[in-house]
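A.B. asks: One structure, as structure tokens, below. Some questions next.
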Amino acid sequence: MTRFLAGRLVRAVFILLVITVSNFFLIHAAPGDPAAVMAGESGDADPQFLEQLRERFGLDKPLYVQLGIYVSHVVRLDLGYSYRQQLPVLDLILERLPATLLLSLSAFAVSLGLGILAGAMAAARQGRLSDTLISLFALIFYATPLFWLALMAVLLFSIELGWLPGFGYETVGAGYAGFARALDIAKHLVLPAMTLGLFFMAVYVRMTRASMLEVSQMDFVKTAKAKGLRPRVIQRRHVLRNALLPVVTLAGLQAGQLVGGAVLIETVFAWPGIGRLMFEALSQRDYNLLLGVFVVSAAMVLLFNLITDVLYRFVDPRIRVAS
Amino acid sequence: MTEFWKRFSKHRGAVAGLVILFLIVLLAVLAPFLFPKSPWAMVQRPFLPPFENATYFLGTDTMGRDLASGLAHGAYVSLLVGLVSTVVSLLIGIPIGALAGYFGGIVDDVLMRFTELFQSVPSFALAVVLVAIFQPSITSIVVAIAIVSWPPVARLLRGEVMSLKSRDFVDAAVLSGQRSFTIIWRQILPNTLSPIIVLASMMVAAAILVESALSFMGLGDANVMSWGYIIGAGRTVIRQAWWVSFFPGVAILLTVLALNLVGEGLNDALNPRLSRKGRQA
Amino acid sequence: MRRLLTIPFALALTVSAALADPVSGGKLDLIVQPEPPSVMIGITTNGPALLVGGNIYESLLRYDENLKPMPSLAKSWETSEDGLTYTFHLQEGVKWHDGKPMTSADVMFSVEDFLMKLQPRHRNLMSHVAKVVAPDDNTVVFTLKEPFEAFIRGFAFYTMPIVPKHIYEGTDYQTNPANEKLIGTGPYKFAEWKRGSYIKLVKNEDYYLPGKPYIDELYYHVIPDGASRAVAYETGQVSVLPGGSVENFDIPRLSKLANTCTTEKGWEYFAPLSWLWLNNRKPPMDNVKFRQAVMFALDREFAKDVLWNGYGKVSTGPISSKVPFYANVGPSYPHDPAKAKALLKEMGYDGKPLKLLPLPYGETWQRWAEAVKQNLADVGIPVEIESTDVAGWNQKTSQWDYDIAFTYLYQNGDPAIGVDRNYKSSQIAKGNPFNNVEGYSNPEVDKLFTEAAVAFPAAKRQELYDKVQAKLREDVPVAWLLELGFPTIYNCNVENPISTASGLPNSLRDAWIKK
Amino acid sequence: MNTIGTGEKPVIHPGSLKRPEGEPIVRIEKLSIALPEGADRVFAVDRLSIDIHPGEIVCIVGESGSGKSMSANALMGLLPDLVTVAQGRILLGGENLLKLSANALYDIRGRRVAMIFQEPMTALNPLMKVSAQIEEVFEAHGLLTTRERRQRALDLLEEVGLPDPQRAARSYPFQLSGGQRQRVMIAMALALEPEVLIADEPTTALDVTTQAQILDLIRRLQRTHNMAVMFITHDFGVVAEIADQVTVMQHGQVVEQGTADEVLLSPGHSYTRKLIAAIPSGMANERPAKEKNATGPLLHVEKLSKTYFMGSGLFGKQRQVHAVKEVSFSLERGETLGIVGESGSGKSSVGRCLVRLQDPSGGHILLDGEDIATLKGEALRAMRRRIQMVFQDPYSSLNPREKVGRIIASGPIAFGEDNAAAYKEAERLLELVGLDARAAERYPHEFSGGQRQRIGIARALALKPEIIVADEAVSALDVSIQAQVLDLLEELKRTFNLSLVFITHDLRVAAKICDRVLVMQTGEAVEMGSARTIFENPQHTYTRNLIEAIPGRAKEARIAALASA
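Those protein sequences? They're chains B, G, L and Y, same order as listed. Residue 65 in full-length UniProt numbering sits at position 65 of the first sequence, and the numbers go up by one each step. Residue 229 in full-length UniProt numbering sits at position 229 of the second sequence, and the numbers go up by one each step. Residue 387 in full-length UniProt numbering sits at position 387 of the third sequence, and the numbers go up by one each step. Residue 310 in full-length UniProt numbering sits at position 310 of the fourth sequence, and the numbers go up by one each step.
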């Protein structure tokens, strides 16, 4: 296990480094620079002002020097300063990271949990009405644009019914603490996590269902039947556990999409996470911040991959014992 | 082929999907004849609700543009974006996956690390950045979608090729003196066709969704009328004029649904044994 | 005529404020959009920064809706007969938020050192100043090189915010930690900034005006999505929507909600004016007939009514009607496609497609670009919209890489401060999207603007500005669109939210919440 | 397809009617099982009647598609979806199983009727420990406490002869060998001492020596527990080894029923006779030794080694597996050399090294004196046409997307032959291997397994090779087809003066067609000699074990004697 984790770590570091360098060039290929954006926003600028800004940001140096400086900082875990906000990038990201982690982890948990549950239910009732309904809803959620669903959810649950807050991370200025605050955040979390989760849930429902139907054709299921086990036990103990393996693999592969989807959801629900930070940094050409967000979100994807890998090893003894 | 149709038509959803898809394609193709005026033309008062005016039966948008016309012309663009970006990502993903799967070893290692790189960056975020950097246009959108969606193709291909490579008929081809390129091209790729077709149909659907999401973020091409654009433009007035984003939303939903249903049908018809692989893996 | 009309409004404002007795207490939730990089308005002067920072920092003067100066940190002031000497007497007992007293030394430091280093606009203003002295702790005297009538309108909270000398002197202003823990003299103190969520200000208990401010806490919420901002107001989570914080299409609906007040006031000092940059360097935009044809082709009434919901006003020329020295002289350009076509035919326009760069500031601007595209297409000018983001827009306009581009700029209280920069040939310089970006060059206009700026007294200036306005309207260097209206939408329980020509940003000093 | 070609009546021997006293524990009466619409016939099983008495092993024999497994599944109540019982009764101790409720069936399964399957690799849940899977049987029927269940599982594992029951109990299935897994399956089946055990081809997937052990075990347990056993198999050797009663099935119908001796020694139905005749006798015929070529042997293999490196990658620990260890042999022109061994003996690795689908790790392969072990690139490609291969699996060895003509012609085309000529040659070859020339225009899936194997042979011949390596070329075929394909190979070999390397696990097959035999065990050549010497006078213990393990040898000898008489 240690060897496995160490291997993963080295690989992750390598991937992160390559991402850093390639994105560095990508971002610098964009038209406009942070100085121009800041000058533009000030509503007034002269060449002296722009020069001051560029010099301060180190943008007057040749690109390869900038890259060298950046990479040498990154390997020391220093993501640099945000040009615009004049704060260390790491601080800015860490301030936003819990929100994003909370959102994407709960969406991940919701989608995986409910997806597997509904998928298993559908598979167990194959061909019956409940199966058809579950499959149909899964297909519809799968085909619905995320942001559209988000808008509709706000319209319905927040505006029409007033059940849940439609935006934000917590009630500002309410002065909640401890459990009350947790409850408040949880309420705010419901809509974004559900909307983000529904799409992926649809994916997992379909996957679980298909996988379970496939597994139930396998020999060992017949063995279980021959033992005289009841269908419920067979489904749970033999079919489901084996059917989960491909679902977990898929979940790992979709981590990238999940974190990406968070950008969209964060925008609609005003969720103060790194997805929004990225979008803002992008439009402000805040190179350091944008790169930082990229590195951190890539790290998050790798983290999700790792979680699913560990999960996989936990479920599948063939891999666990063999190493 | 008849066998194929028999199996395909057993999947009732797939047949329904095919019909819907056919109608949408028809709409896209006939758009210039059904709605000869530019979809951008301001033809009526803004916010004309649907079903009030026979000519503009779906109503008008914020600026009095005919929604039905926009929908028809948008069908063409949305389908085109979906199709072209899928083709492009197949063109990237297939060679990479095939080479990695066939040659294995260091080639596989290098290509798969490369693929992993793209999968480690949140895909939608990467698409947003790419479009923003190369400035929003149909081309940049298509390229961005292709760039973020080829890794699953490569992974699928690699897996398929790896399993096909261990099949005896590939060994037989080696023994009969065929060269690697011929073997990949003649023996292996034709056998990966079914899963590729299935994946492609779902990728077109996914691409349409990504395009609409990009438009939602304000990163659409401002010169073409696509469904994503109409929703993006209509979302600010969703409270006053629900229909502006409702109809294109339904159009996307139906198209994506249809494509997925067709994909499932194809899956059942083309590879009854291989079926039930990950959809987007 | 204009002045006569506006006086009763000013009276009404004061009267309504006086009618009910202000009460203290309560919390006010507003929107700030987009989230500013910083609210230290001595360094960052974009709109959102001002909205928040204007409550923390003050300048010497405030301006009423006719841009008449009112006391702020200066309780009184005198101007010499020759228009060369301005003497300001500071309020007494003003304390910085850290408890240190505010004196003329702070004003001197801000004017001569801090702002000179950081603010191009301030550098421009100070180019008219020969010297500044502080004879005592409570007096500051500016001496000008030559008369500059606009000078008295250059003391707004954001053009000349007074910053604490004891904190900034001898440090790197840009990286001073106080930029995060702001110390001003304003009615509200900085309390907390949760990035991505909100900025919180609290009442300055030691404010030099007894009893003021009235409200205990201000929350400026960051909500990136326009629709969500509208929802926030509807659900009562915020009670003030500053101008521009919701999409225009939402305004009619929101303003009809119960207990909702709407006002267009508070933008008189900024006087935002929108126009299309027409790149005068390139054909066919180098042809005055083409530019006139564009003016005739544009349906600006439609834009005002449909895209801006009737708010704002169709612009007649280079100077906004809210700004002093405005005059409606010279040719006017109603929507007349036939005339536009005729002009195009006359000049022999070849139908070459042009690129249109929209302003990447949200849906309204995008829609407007589409409408303009349609307007131009109707008279036979094919246009392709070039999408871009803020950085790309800045890059393209400031590098003159465009055919037609949208913009809007503040006029900052005086043509000599916020108008002539866009037309004088001396202002043609790459790298700045706010100067003479269109590349218009006319010695006659140059001369008129230069003279008008330093002419004395005001009547003399008016004469010169009349001439230059007529000339520009004939030449159409840019295609003026609308004087933009950014209505503020607020819960009617909030009393007196707007008390100056700069509205909410300057400041919520006099606002209070009805119990 | 639904009728038996001959229209011959089934043969019911008296032994099947005259049975031990007492009621049968299982009585199947006129059972018909209907296939879903669109299948190749209406009934999978057509009016099957069988009695099984306690303490009796009843074998149901048949080739693939005979309906034998379906009968077993029906008894267990585990018919696949869409397959239904059309008529008949299945009585267990007098109670009709087909009329029972689902709940009653759960009670019966595992407790009164237990089952073991063909594929021990897939019949156990890969994610559960062995012990838990056995304990589950008790749990399913609500018996014993958790502790007792664990103890019983251990006892059972010991009873079925697992060497280290403690360890086996803690293991996951993938940690056990095939034979061990089948023992676990048997332990599981025996857990509740059922009255009836259904064994569905339980030894087919096992090596011959393991098979002998498992057959022994089943027999022993059956006796000690006095169980009734329904044993499904395709292998008459196994039948001879284990059966008391035999039922032969073809296309869902019973063609012959009787005691083992009756059916084996005096088969009455032509189909049975054909099946028995098709079994390779296991007696090697004396063949004249091939004359040595003056220029030396055609192929000379010297100290051939193959080592695999497992678990590579950047961080994994590398593990070496020596699949082939310094094996040497030679092959004369026109000779057939058998390489015989169980799974893991390295026989297939030798074959793949010979045709250079794998690179040998050491040693030399001299083809007409030229070392082809290290050839690369174009030289290797040029050599390929001299050694061709026939593969085991007729389903995976033909590209499903290519027409048969193209499959055969693509070799010559790759070597530069003109397309038209290559296709023409392909048609000729198809006729040569006993297919219609028009087969060239069809796709592989339109052919049966035996026909596909013929296509594979035609493909190998297309390049006019000197040597053909046949890797388990008949193992996947039914026994009657097997014989035909072996005959074809023999004939072609003579026609083209080919040399054949025949790799097989089946000693009887080797005996039938090989001149000389090389016996391999765990990568090493343990014995080599003429086929006859090896069979009649094996020197190495392992060879002896192999030969002794051949099921039904004793009886076969008698059958063979009777057949030749």
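Ideal placement from N, C-alpha and C gives every residue a C-beta, glycine not left out.
(1) When you compare only the Cα positions, how much space is there between R12 (chain G) and G38 (chain Y)?
(2) Among the candidates Y:E472, Y:I232, Y:D436, whose CA atom is the shortest distance from the CA of V58 (chain Y)?
(3) Should Y214 (chain L) and V454 (chain L) be called a contact, given that it needs their Cβ atoms to be closer than 9 Å?
(4) Which residues in chain B have a C-beta closer than 7 Å to the C-beta of P37 (chain L)? List them in chain order.
(5) Taking buried to mean at least 16 other C-beta atoms within 10 Å of its own C-beta, is Y308 (chain Y) buried or exposed?
(6) By the 10 Å Cβ neighbour count, where 16 or more other Cβ atoms means buried, how is V10 (chain B) classified, buried or exposed?
(7) Considering D29 (chain L), what are the terminal residues of the beta strand (DSSP E) in which it resides?
(8) State yes or no: is the C-beta of R195 (chain L) within less than 9 Å of the C-beta of T62 (chain G)?
(9) Note down the Cα distance separating R111 (chain Y) from G228 (chain B), rounded to an integer number of angstroms.
(10) Kindly list, in the order they appear in chain B, the residues whose Cβ is closer than 7 Å to that of G110 (chain Y).
(11) The beta strand (DSSP E) with Y490 (chain L) in it runs from where to where?
(12) Starting from Q240 (chain G), find everything on chain B with Cβ-Cβ shorter than 9 Å and list it in chain order.
(13) Given a cut-off of 9 Å, decide if R179 (chain G) and G97 (chain G) are closer than it, judged by their beta-carbon atoms.
(14) Given that a residue counts as buried once 16 or more other Cβ atoms are within 10 Å of its Cβ, and exposed if not, what is P194 (chain Y)?
(15) Taking just the CA atoms, how far does T260 (chain L) sit from N493 (chain L)?
(16) Along the stretch 55 to 72 of chain Y, what residues have a CB closer than 9 Å to any CB found in chain B?
(17) Can you give the beta carbon distance from G226 (chain L) to T236 (chain G), rounded, assuming they're within the 8 Å contact cut?
(18) Show which residues of chain B have a CB atom less than 9 Å away from the CB atom of R195 (chain L).
(19) Can a CB atom of chain B be found closer than 9 Å to the CB of E119 (chain Y)?
(20) Do we get a CB-CB distance below 9 Å when we pair F315 (chain Y) with the residues of chain G?
(21) What are the residues that DSSP puts in a beta bridge with H300 (chain Y)?
(22) When you compare only the Cα positions, how much space is there between A112 (chain L) and E58 (chain L)?
(23) Please confirm whether F174 (chain Y) has its beta-carbon closer than 9 Å to some beta-carbon of chain B.
(24) Are the stretch 388 to 397 of chain Y and the stretch 447 to 455 of chain Y touching by the rule of at least three beta carbon pairs closer than 8 Å?
(25) Helix or strand or just coil, what does DSSP make of M42 (chain G)?
(26) Are the CB atoms of Y333 (chain L) and Q292 (chain L) nearer to each other than 9 Å?
(27) Smallest Cα separation from D378 (chain L): which of L:V294, L:V437, L:R421, L:L115?
(28) Check distances from the C-beta atoms of the stretch 417 to 442 of chain L to those of chain B and list, in chain order, the residues that come in under 8 Å.
(29) When DSSP labels each residue in this structure, what does S49 (chain Y) get in the three-state scheme?
(30) From which residue to which residue does the beta strand (DSSP E) around F88 (chain L) run?
(31) On a CA-only basis, which of G:S137, G:A132, G:S69, G:A54 is nearest L27 (chain G)? Give me that one, please.
(32) For G191 (chain L), I'd like the list of residues in its chain whose CB is within less than 7 Å of its CB, leaving aside the five on either flank, ordered along the chain.
(33) Candidates Y:S328, Y:E148, Y:K274: which alpha carbon is nearest E135 (chain Y)'s?
(34) Is P465 (chain Y) closer than 9 Å to I387 (chain Y) when the C-beta atoms are compared?
(35) If we count the other Cβ atoms within 10 Å of its Cβ and call it buried at 16 or more, is L77 (chain B) buried or exposed?
(36) Ignoring anything shorter than 4 residues or poking outside the stretch 88 to 143 of chain B, list the alpha helix (DSSP H) runs there in chain order.
C.D. replies: Concretely, from the data shown:
(1) The straight-line gap from Cα to Cα measures roughly 19 Å.
(2) Proximity to V58 (chain Y) across Y:E472, Y:I232, Y:D436 peaks at Y:I232, based on C-alpha coordinates.
(3) The answer is no: Cβ separation not under 9 Å.
(4) The answer, in chain order, is R84, Q85.
(5) Burial call: exposed.
(6) Under this definition V10 (chain B) is an exposed residue.
(7) Run containing D29 (chain L): 27 to 31, per the beta strand (DSSP E) assignment.
(8) Note that the C-beta distance between R195 (chain L) and T62 (chain G) is not below 9 Å.
(9) Taking the CA atoms as reference points, R111 (chain Y) sits about 8 Å from G228 (chain B).
(10) Close partners of G110 (chain Y) in chain B (Cβ separation under 7 Å): A226, K227, G228.
(11) Residue range 488 to 491 is occupied by the beta strand (DSSP E) that includes Y490 (chain L).
(12) Taking a Cβ-Cβ cut-off of 9 Å, Q240 (chain G) has no neighbours in chain B, whose nearest Cβ is about 12 Å from it.
(13) Result no, Cβ atoms of G97 (chain G) and R179 (chain G) do not sit closer than 9 Å.
(14) Counting Cβ neighbours within 10 Å, P194 (chain Y) comes out buried, since at least 16 surround it.
(15) Whole-angstrom Cα-Cα distance: 9 Å.
(16) For chain B, none of the residues of the stretch 55 to 72 of chain Y brings a beta carbon within less than 9 Å of one of its beta carbons.
(17) Their Cβ separation, rounded to whole angstroms, is 6 Å, which keeps G226 (chain L) and T236 (chain G) in contact under 8 Å.
(18) The answer, in chain order, is Q85, L87, L92, E95, R96, P272, L277.
(19) It does; some Cβ of chain B falls within 9 Å.
(20) Low confidence applies here, because F315 (chain Y) scores a pLDDT of 47, under 50, leaving its location unreliable; read the following figure in that light. For F315 (chain Y), the answer is no, since every Cβ of chain G falls outside 9 Å of its Cβ.
(21) BP columns for H300 (chain Y) point to Y:S330, Y:L366.
(22) Note that residue 112 (chain L) corresponds to Glu in the displayed sequence, not to Ala. For E112 (chain L) and E58 (chain L), the distance between alpha carbons rounds to 17 Å.
(23) Yes - at least one Cβ of chain B is within 9 Å of the one on F174 (chain Y).
(24) The stretch 388 to 397 of chain Y, when compared against the stretch 447 to 455 of chain Y, does touch it at the 8 Å Cβ threshold.
(25) In the three-state reduction of the DSSP assignment, M42 (chain G) falls in the strand class, which pools E and B.
(26) Their beta carbons are under 9 Å apart, which means Y333 (chain L) touches Q292 (chain L) by this criterion.
(27) Closest option to D378 (chain L), Cα to Cα, is L:V294.
(28) Contacts with chain B (Cβ-Cβ distance below 8 Å) from the stretch 417 to 442 of chain L involve A429, G431, N432, P433, F434, listed in chain order.
(29) Three-state result, S49 (chain Y): strand.
(30) Where F88 (chain L) is concerned, the enclosing beta strand (DSSP E) stretches over 85 to 90.
(31) Sorting G:S137, G:A132, G:S69, G:A54 by C-alpha distance to the C-alpha of L27 (chain G) places G:S69 at the top.
(32) Note that residue 191 (chain L) corresponds to Ala in the displayed sequence, not to Gly. If we look at A191 (chain L) and ignore the five residues flanking it on each side, its Cβ neighbours are K200, L201, V202.
(33) Ranking Y:S328, Y:E148, Y:K274 by Cα distance to E135 (chain Y) puts Y:E148 first.
(34) Yes, the Cβ-Cβ distance between I387 (chain Y) and P465 (chain Y) is below 9 Å.
(35) Around the CB of L77 (chain B), fewer than 16 other CB atoms lie within 10 Å, so the residue is classed as exposed.
(36) DSSP runs (the alpha helix (DSSP H)) wholly in the stretch 88 to 143 of chain B: 89 to 124, 129 to 143.
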